[in-house]
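Below, the structure is given as structure tokens:
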């Protein structure tokens, strides 16, 4: 008889740890945009028009909580909020470079008919 999943001991995986931080539909795209430099919220919204305001806010908060991005508020009227990669966020740069290269080499195949 096969053991159930609850009986299988959990083994920590470094790839899983990375995916926990950058996984999902929008986090990687947000981080890729921030590799180009700090960005304000509405600028990110223009760069990623399919992300709703609520989802953008949730994803940015999660990335900030994980220490991947920083959020700085300038005390102006209205306040200016800018997001930037932290040192830990910049450490993910090679991952996004590799993803971009892979996408350039293989991404066109996704749009080709079956």
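Residue numbers (full-length UniProt numbering): 1 to 114. From the three backbone atoms N, C-alpha and C, an ideal C-beta is built for every residue, glycine too.
- At a Cβ-Cβ threshold of 7 Å, residue 81 and residue 41 count as neighbours.
- Taken in chain order, the unbroken stretches of beta strand (DSSP E) that lie wholly in the UniProt domain "HTH hxlR-type" (13-111) and span 3 residues or more are 69-74 and 80-85.
- Around the beta carbon of residue 25, fewer than 16 other beta carbons sit within 10 angstroms, so the residue counts as exposed.
- By the neighbour-count criterion, in which 16 or more other beta carbons inside 10 Å mark a residue as buried, residue 59 falls on the buried side.
- If you compare the alpha carbons of 104, 106, 56 and 78 with that of residue 31, the shortest gap goes to 56.
- Classified as buried, residue 39 has 16 or more neighbouring CB atoms from the shown chains inside 10 Å of its CB.
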